[in-house]
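In the numbering used here, the protein residues as written are 1112 to 1297. The beta carbon of each residue, even a glycine, is placed where N, CA and C say it ideally should be.
This is the structure in structure tokens:
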């Protein structure tokens, strides 16, 4: 892997970490899974870096969270291996998979407008895929039924749709100014 790719991977891992500084919004009836800005970083990693580099950026971030690296935390200051035994575990597992899928969709839709393509990619990877793994994780860790976990998780969808729009706007803006920075399209 080229040095430039390693820099991009590290940058997006750092971006996801920085988005963890945005205070989470706790939703008490959803088993302690907070609304965070970090899923925006996951969407951006996939859309901007492509499937492999995007997933690697998220995996690097999760590795650093898991080992408890200083200042590398999930929203709310959570880090260490314990986060992988929390109701958020399914979402955390879904993050690299979602970034991979978002990057793959972005590559597969090269003939489409960047704004539209990135919105579709972020929605599929950052919402559908992440929720497909996150909801069963919540259900498993809290003894909720899948249906109850899905209904409880629905409260996050409006915020995630805003993150999809932000991702698309950022991708479109970057495509206009520096198209080569969208590695998923190269």
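- Secondary structure at residue 1200: helix, using DSSP grouped into helix, strand and coil.
- Residue 1133 sits in coil when the DSSP states are folded into three classes, being neither helix nor strand.
- In the three-state reduction of the DSSP assignment, residue 1185 falls in the strand class.
- If you draw a straight line from the Cα of residue 1263 to the Cα of residue 1198, it is about 12 Å long.
- Across the structure, residue 1130 and residue 1175 are spaced so that their CA atoms are roughly 15 Å apart.
- For the options 1196, 1163, 1185 and 1248, the alpha carbon positioned closest to that of residue 1119 is the one of 1163.
- Non-local beta-carbon contacts of residue 1127 in its own chain, meaning distances under 6 Å to residues more than five positions away in sequence, involve 1149, 1152 and 1172 in chain order.
- Per DSSP, residue 1287 is one residue of the alpha helix (DSSP H) stretching across 1268-1288.
- Per the DSSP secondary-structure output, residue 1146 pairs in a beta bridge with 1136.
- Annotation for residue 1255: no alpha helix (DSSP H) segment contains it, and DSSP assigns it neither H nor E.
- Around the Cβ of residue 1265, a 10 Å sphere holds fewer than 16 other Cβ atoms; the residue is exposed.
- The alpha-carbon of residue 1158 is positioned some 25 Å away from that of residue 1182.
- Each residue's CA atom was taken as its position, placing residue 1167 and residue 1117 some 9 Å apart.
- Non-local C-beta neighbours of residue 1292 in its own chain, meaning closer than 6 Å and more than five positions away in sequence, comprise 1285, ordered along the chain.
- Residue environment for residue 1221: exposed (fewer than 16 other C-beta atoms within 10 angstroms of its C-beta).
- With fewer than 16 other CB atoms across the displayed protein chains lying within 10 angstroms of its CB, residue 1280 is exposed.
- For residue 1169, the uninterrupted alpha helix (DSSP H) run begins and ends at 1162-1177, by DSSP.
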